[in-house]
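So the number in our numbering is just where the residue sits in the sequence shown, counting from 1, plus 38.
By construction, the Cβ of each residue, glycine as well, lies at the ideal position given by its N, Cα and C atoms.
Encoded as structure tokens, the structure appears first; notes follow it.
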Amino acid sequence: MGVILKCLFIYGFAYGAITSHAYAQPANKSAYESAFTQRAAILLQYVAYHYPRSRPGYPPGWDGKLADFGKYHYPMFLAQLALKDTSLVRQQILAKRMAMFAQMPTFHFNLVGLPRILFLFSNHLVLKQYRKDFLQRVWERTDSYNPWTAEGTENHISMSKTSAYLYAQLAWQYHRDAFPDAEKKMRMMKDWILQWSKTIYYTGSGEFNSSIYQAYTIIGWLNLFDFAKDTEVKSAARAVLDYYATEMALHYVQGMSGGSDLRGQNCTRSFEGSYAYLAWLWFGDSPVTLTAETLDLGRNTNEAIQTVHAALSQYRPPLAAVALAFRKFGQPAWYTGSKPGYLLDRPGYIKQHLYVSNNYLLGTGYFPYGGWGSGNNQIVSWKLISRVDSGAGQSAQFVSGIGIQSPEDARYAGGNKRSPYDQLAQHKNVLVQLTRLPVNASAQKDTIRAIFKQWQRAWAADFARRFPNDTDKLRHNPIYMHDLDVSVNRSSVCITKAGMVKTEFKEKILFVELEKSLIAIRSVRGDKPDELKISQGGGMQYSSMRAVPGLICGFVLEVAEKKAYASVEFFKQQILQRTWLDASLLDKQNRLKYVSLSGDTLIVEYQPYGTFTEPLFDFGYGVTQPMLNLAGPSLQQPNWPSGEGHGRLARWWVNSKAVDLEAEWPVYGGPGLCVANGVLKLNVEGAENYTVDYRGKIPVFRSN
Numbered sequence: 039m040g041v042i043l044k045c046l047f048i049y050g051f052a053y054g055a056i057t058s059h060a061y062a063q064p065a066n067k068s069a070y071e072s073a074f075t076q077r078a079a080i081l082l083q084y085v086a087y088h089y090p091r092s093r094p095g096y097p098p099g100w101d102g103k104l105a106d107f108g109k110y111h112y113p114m115f116l117a118q119l120a121l122k123d124t125s126l127v128r129q130q131i132l133a134k135r136m137a138m139f140a141q142m143p144t145f146h147f148n149l150v151g152l153p154r155i156l157f158l159f160s161n162h163l164v165l166k167q168y169r170k171d172f173l174q175r176v177w178e179r180t181d182s183y184n185p186w187t188a189e190g191t192e193n194h195i196s197m198s199k200t201s202a203y204l205y206a207q208l209a210w211q212y213h214r215d216a217f218p219d220a221e222k223k224m225r226m227m228k229d230w231i232l233q234w235s236k237t238i239y240y241t242g243s244g245e246f247n248s249s250i251y252q253a254y255t256i257i258g259w260l261n262l263f264d265f266a267k268d269t270e271v272k273s274a275a276r277a278v279l280d281y282y283a284t285e286m287a288l289h290y291v292q293g294m295s296g297g298s299d300l301r302g303q304n305c306t307r308s309f310e311g312s313y314a315y316l317a318w319l320w321f322g323d324s325p326v327t328l329t330a331e332t333l334d335l336g337r338n339t340n341e342a343i344q345t346v347h348a349a350l351s352q353y354r355p356p357l358a359a360v361a362l363a364f365r366k367f368g369q370p371a372w373y374t375g376s377k378p379g380y381l382l383d384r385p386g387y388i389k390q391h392l393y394v395s396n397n398y399l400l401g402t403g404y405f406p407y408g409g410w411g412s413g414n415n416q417i418v419s420w421k422l423i424s425r426v427d428s429g430a431g432q433s434a435q436f437v438s439g440i441g442i443q444s445p446e447d448a449r450y451a452g453g454n455k456r457s458p459y460d461q462l463a464q465h466k467n468v469l470v471q472l473t474r475l476p477v478n479a480s481a482q483k484d485t486i487r488a489i490f491k492q493w494q495r496a497w498a499a500d501f502a503r504r505f506p507n508d509t510d511k512l513r514h515n516p517i518y519m520h521d522l523d524v525s526v527n528r529s530s531v532c533i534t535k536a537g538m539v540k541t542e543f544k545e546k547i548l549f550v551e552l553e554k555s556l557i558a559i560r561s562v563r564g565d566k567p568d569e570l571k572i573s574q575g576g577g578m579q580y581s582s583m584r585a586v587p588g589l590i591c592g593f594v595l596e597v598a599e600k601k602a603y604a605s606v607e608f609f610k611q612q613i614l615q616r617t618w619l620d621a622s623l624l625d626k627q628n629r630l631k632y633v634s635l636s637g638d639t640l641i642v643e644y645q646p647y648g649t650f651t652e653p654l655f656d657f658g659y660g661v662t663q664p665m666l667n668l669a670g671p672s673l674q675q676p677n678w679p680s681g682e683g684h685g686r687l688a689r690w691w692v693n694s695k696a697v698d699l700e701a702e703w704p705v706y707g708g709p710g711l712c713v714a715n716g717v718l719k720l721n722v723e724g725a726e727n728y729t730v731d732y733r734g735k736i737p738v739f740r741s742n
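Structural data, given as structure tokens:
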């Protein structure tokens, strides 16, 4: 069965009338390039001369004491060189820093920032002077930060291993006598590049939709696309970039990533992560006018600076992906998706839903993970992003949820920490969040804490065998357990203080009016949700629902386009008259029924029993030698407990049909988009159809 036919057949999607969008898509390739160039100029000016505000010319680590010196310096140097800044002061700073950095160890962020400088400005006297020294630093590093067998999270690996290929290419081109194994290393890294780039066309990415790290994952592939001489490597890089551009286009709303987010901790406002600036450069769409002086919106952030690579790259997203970002498809649109384990193992392990309307995006990820460990702390299981009028506020409006931990705790004020006891279900514009703190939660916490200590020791023992001299990483064991509060059975919904937020209670339903959207929130226990309160940090408003341990608490949330209703009052009347919640079986069978505005009937059942597990990043055990590709099957984690309190995924039915989380889902399937079985297809109004076929060794690109 063909890829597109498979997506249509299994998941189904209907096309509706095209509705107007709040920002205009460029009419053609030339118009897009003009708009892109304007945004790139703003970005370059900001990074060259306005970042950081506190110490112009001297980002953090200017004295060389910070391990991530390249993360903060190289983008600024790159922007200044690109703008042909020949001022004596800037040249002196560049010479001083390059002399210093050429003698310092490499690191993920430092590795990826330098190649674009060395390739674009290869004749610059200072850069020519220190090129061999930089290569020597790359070659001499043998701990887990070496680029050839680098370990770390997905963005670290992408930064390191894409850069490794380019450093080997530079060594082979300019200094092959000093680095006789350069060609061998090029071949080794090419193998990894071809393998990894092809895999994501079957599984999707591991660190998916990361608000914090997306740009860091991508910039190394931009470097490869621009500077790799091997056409197969360049094609692989283009395929990776097309995948990410398409994914970002679907999820992007006004400086935020909508839907579930594997690493999006505290990104609760527009332009709080690297993802946002890269997506803005590629697609536009901002809740506020950005200039070189205001690009960071006064937050003194470094999240924008890595996008310099994309601003100077020859890569552009396919126009079909741009059309996807501009919502050139029937709306509202319902997407299904899946993602692998973090190391691209276990394809389809995590399922996703995404509902895209003209003015909001609601998306949920269904995570089998436990929720106690360091691999969970940045996961945002679900998000509703609602648009605002430009000028209405500096941010789109963010809504998310949390269980167990109080939003009054500043560590959890963003409302996006996961709980070991939350379960979720989404159908289109309706989301159900259920939380059940077991009566023995404290004892479970003690058991899991003891297992974590064993895990730390097992990881450290094997890591020390792989990298016996890597004492720094051993001192900072990456495996730790969160001290979650298990004293209160609580389930909360959190909303950013951005734009207009009005609330009213009617018949125990909390109605929330946002700039462009309307929300109705019901407690699953039938009691009245709390009034909105201000979180400790002051940036969030939240409402909580509670129950005694052993019983389920939570809420049903239904969202709608404000413009679809004659008035806010009419929306409230429709909710009261046409929707209803039946929780009569909640305590007996852990089950509730909800009938939505569209007439769909959802039955959701909380699953209290299961087996605990945690996400496996690079800190499993069982591997004692450095590996080019440290993959999931080679790694182990502890044997975890089973039984009550360890259930992770709810069961639910829509109009009597079960939602099967065990079935094979595409990486993405929905209007205008399908990614499955090695093929990406875009069929969006306003652009040529676009296909990337990566079923062979090398991707094939087609437009028609």
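Less than 9 Å between the C-beta atoms of residue i and residue j, yes or no?
i	j	result
F115	M142	no
A434	Q663	no
F549	I559	yes
D732	S235	According to the sequence provided, residue 732 is Tyr. The question's Asp does not apply to it. Yes, the Cβ-Cβ distance between Y732 and S235 is below 9 Å.
G244	L300	yes
L817	V661	In the structure as shown, the chain starts at 39 and stops at 742, and residue 817 therefore has no counterpart that could be examined.
G710	N721	yes
Which stretch, first to last residue, makes up the alpha helix (DSSP H) that contains residue i?
i	result
D323	Here D323 belongs to no alpha helix (DSSP H), and DSSP marks it neither H nor E.
E192	192 to 212
S346	According to the sequence shown, residue 346 is Val rather than Ser. Start and end: 346 to 350.
W703	From DSSP, W703 is part of no alpha helix (DSSP H); its letter is neither H nor E.
T75	67 to 83
E245	Taken as a continuous stretch (DSSP letters only), E245 belongs to no alpha helix (DSSP H), as it is neither H nor E.
Y110	107 to 120
K272	269 to 289
A725	No alpha helix (DSSP H) holds A725; DSSP gives it neither H nor E.
Under a three-way DSSP split, which group does residue i fall into?
i	result
M583	strand
G734	coil
L399	strand
H146	helix
F263	helix
W186	coil
D508	coil
R307	coil
A621	coil
K566	coil
I343	helix
L614	helix
A696	strand
D523	coil
A371	strand
Y393	strand
K571	strand
W690	strand
S605	coil
G102	Because G102 sits at a pLDDT of 48, beneath the cut-off of 50, its placement in the model cannot be relied upon, and the following sentence gives the value as read from the coordinates. DSSP places G102 in coil when its eight states are reduced to three.
K377	strand
Per DSSP, residue i is paired with what?
i	result
Y647	E682
D460	T473
E596	V468, A558
F549	E542, A558
M578	T534
Q674	Y659
K421	G401
R154	R154 is not bridged to any residue.
Could you please give the first and the last residue of the uninterrupted beta strand (DSSP E) stretch that includes residue i?
i	result
R169	Looking at the DSSP string, R169 is not in any beta strand (DSSP E); the run it does join, the alpha helix (DSSP H), is 163 to 178.
L132	Here L132 belongs to no beta strand (DSSP E); instead the alpha helix (DSSP H) covers 126 to 139.
R629	629 to 633
F436	435 to 441
L720	717 to 720
- request: Decide if the region 255 to 266 is in contact with the region 336 to 348; the criterion is three or more beta carbon pairs, one per stretch, under 8 Å apart.
  value: yes
message: With a threshold of 8 Å, are at least 3 pairs of Cβ atoms found where one atom belongs to the region 269 to 284 and the other to the region 497 to 517?
response: no
message: Measuring CB atoms only, is the region 643 to 652 touching the region 392 to 408, in the sense that at least three cross pairs come out at less than 8 Å?
response: yes
message: Counting beta carbon pairs with one atom in the region 140 to 158 and one in the region 172 to 181, are three or more of them shorter than 8 Å?
response: yes
message: With three or more C-beta pairs closer than 8 Å as the rule, is the region 519 to 529 touching the region 585 to 602?
response: yes
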